Amino acid sequence: MIIALQLAFFTLAFSNSLETYQEYIRESNEIINYFVRSIVQPVDCGTDYWNACRQIDTVFGQLNASNQYIIHVYQGSYDHNLSSYDHFNDAQYPTVDIVSEQNASINVIGTIQPIGKIIISFTNFSIDFGDIFFQIDDDGSSLKFSSCNLFRNAGKTAINSHSLVIVDRGSLILEKMNITGDIPEGNEALIQSSQPLLIQFTSLNIIKLSLMSENVEPLLLSVTEHDQNSQILVQDVHMKWNYAGNKAEAGIIYIHSKNLKINSMKNEINAANPILIENSEIIQNTLAPIQESCAIQIEGLRASEIRITNSTFDNRSPPNNDRQYEFKIVLPSGMN
């Protein structure tokens, strides 16, 4: 009798545990929708269109665990304070897709700080960065801008007065965007990075960016430490009529590989993820009028780790007295 009761209790406990586990799996795989509208905010907001929250940041406070969320944002202008990312400092990398369902705009405000542990994307927004930039500093975190219109201070400040994003580890994706500088001179590369996991540029048109005359930064991307896990993808990117600073050795892209150990006996180095440039066009950009400046400079990687397909580079003008280059590749020290 005791054995039978114990067996029944065990069966019930196991059944309850299984149901709890199945509910956890169901919830962890569920896409949870939230809604944001520029209306008066109810006490409990966000879970449906008629009870939408008034701000994106309000929804952030309701996001927990490692679930997948879609935040639907409707017509209006919304402040987005970077302090709201404090909520994700100890998070479990929730996936948050913020989508403009109508003509919605975002004003980025607050103090510059990392986005924490989150995988987040913005789609179809007009985003005013003001004088602020985003920062990523965690390998598992990711930030994506897709089909967005990016500018600063209502277009009165150069888009590259500051970098848009600084990637100190983690991933950044920019896709399906037109970025126009309209010639106001900026101060920094559009994107700066050190030891990124992924930087991906896809379907971008970038024209009329310029940098201050004494600037040494590249226009698009500066990676000061590229390690073996870093992946750089440039796909369907078109850059034209941009102006590098007149002290910039690399005018468009600069990538420096982190010091990697070389087997001097075999003259080998552990393979890094290849840098891929494909279906892209970088033409008619003005390079620095200094000796041996170039459009793209890559240091510390072997030629076999740089893959270029179906792309055009044409930025030099005759008579090219400064011996400018389209590409400059500096092999790792010790490599033949």
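Residues 1 to 336 in this note's numbering are what the sequence shown lists, from first letter to last. Here a beta-carbon is modelled for each residue, glycine too, at the ideal position from N, C-alpha and C. Treat the numbers as computed from the prediction; the structure is a model and nothing was measured.
| Boundaries of the alpha helix (DSSP H) in which T58 is found, first to last residue | I56 to F60
| query | Any idea if K156 is buried or exposed, counting beta-carbon neighbours within 10 angstroms, 16 or more meaning buried? | reply | Under this definition K156 is an exposed residue.
| query | Any idea what DSSP makes of N273, helix, strand or coil? | reply | When secondary structure is reduced to three states using DSSP, N273 falls in the coil class, being assigned neither helix nor strand.
| request: At 4 residues or longer, and completely inside the stretch 180–228: list those alpha helix (DSSP H) runs for me, N to C. | output: none
| task | Would you kindly report the start and end of the unbroken beta strand (DSSP E) that includes H238? | result | Q231 to K240
| Taking DSSP as the reference, what is the three-state secondary structure of D86? | helix
| Close Cβ partners of M265 (< 7 Å) along its chain, the five nearest in sequence each way excluded | Only weak support exists for where M265 lies, its pLDDT of 48 falling under 50; the coordinates are left without a value.
| What are the residues that DSSP puts in a beta bridge with N149? | S126
| Relative to the alpha-carbon of T180, which residue among K258, C148 and C45 has its alpha-carbon at the smallest distance? | C148
| message | I need the DSSP call for E175, collapsed to helix, strand or coil. | response | strand
| task | List the residues that DSSP assigns as beta-bridge partners of K144. | result | S121 and I173
| field | Alpha-carbon spacing of F145 relative to F313, whole angstroms | value | 26 Å
| task | Use the C-beta contact count for E30: other C-beta atoms within 10 angstroms, 16 or more gives buried, fewer gives exposed. | result | In the assembly as shown, E30 is an exposed residue. Its beta-carbon has fewer than 16 other beta-carbons within 10 Å.
| Distance, Cα to Cα, L174 vs T309? | 20 Å
| With burial defined as no fewer than 16 other Cβ atoms inside 10 Å of the residue's Cβ, what is the status of F14: buried or exposed? | Below a pLDDT of 50, predicted positions are generally treated as unreliable, and F14, at 37, falls in that range; the measurement from the model is reported next regardless. When all chains shown are included, F14 counts as exposed.
| message | Pairs of beta-carbons, one from the stretch 63–71 and one from the stretch 129–139, closer than 8 Å: are there three or more? | response | no
| query | What are the boundary residues of the beta strand (DSSP E) that C294 is part of? | reply | From DSSP, the beta strand (DSSP E) with C294 extends over C294 to E299.
| Closest to Q235 by CA distance: which of K258, K176, T47 and L287 is it? | K176
| task | Tell me whether A65 is buried or exposed, calling it buried when 16 or more other Cβ atoms sit within 10 Å of its Cβ. | result | For A65, the number of other beta carbons within 10 angstroms of its own is below 16, and it is reported as exposed.
| How many angstroms separate the CA atom of N178 from the CA atom of I119? | 23 Å
| task | Pick helix, strand or coil for S304, following the three-state DSSP scheme. | result | helix
| Can you tell me whether DSSP reads Y21 as helix, strand or coil? | Bear in mind that a pLDDT of 36 at Y21, under 50, signals an unreliable position, so the model cannot answer this.
| task | For V167, collect the residues of the same chain with a Cβ closer than 6 Å to its Cβ; drop the 5 residues on either side in sequence, then sort them by chain order. | result | Answer for V167: I136, S193 and P196, listed in chain order.
| query | Looking at the structure shown, is G245 part of a helix, part of a strand, or coil, going by DSSP? | reply | coil
| request: Keeping to the same chain, check which residues put their C-beta closer than 8 Å to that of T111; ignore five residues upstream and five downstream. | output: Same-chain partners within the cutoff: L82 and S83.
| message | Would you say N205 lies against chain D (beta-carbon separation less than 8 Å)? | response | Absent from the structure is chain D; it holds one protein chain and no more.
| said: What would DSSP say about Y93, mapped onto helix, strand or coil? | reply: coil
| request: Just tell me which of H226, E249 and H80 has its CA closest to the CA of S213. | output: E249
| task | Use the C-beta contact count for Y21: other C-beta atoms within 10 angstroms, 16 or more gives buried, fewer gives exposed. | result | Bear in mind that a pLDDT of 36 at Y21, under 50, signals an unreliable position, so the number given afterwards is only what the model happens to contain. It counts as exposed.
| field | M265 - DSSP class collapsed to helix/strand/coil | value | Low per-residue confidence applies at M265: pLDDT is 48, beneath 50, and the placement is therefore not dependable enough to give any value.
| query | Anyone know if the C-beta pair for G186 and A158 falls short of 8 Å? | reply | A158 is positioned such that its CB atom lies closer than 8 Å to that of G186.
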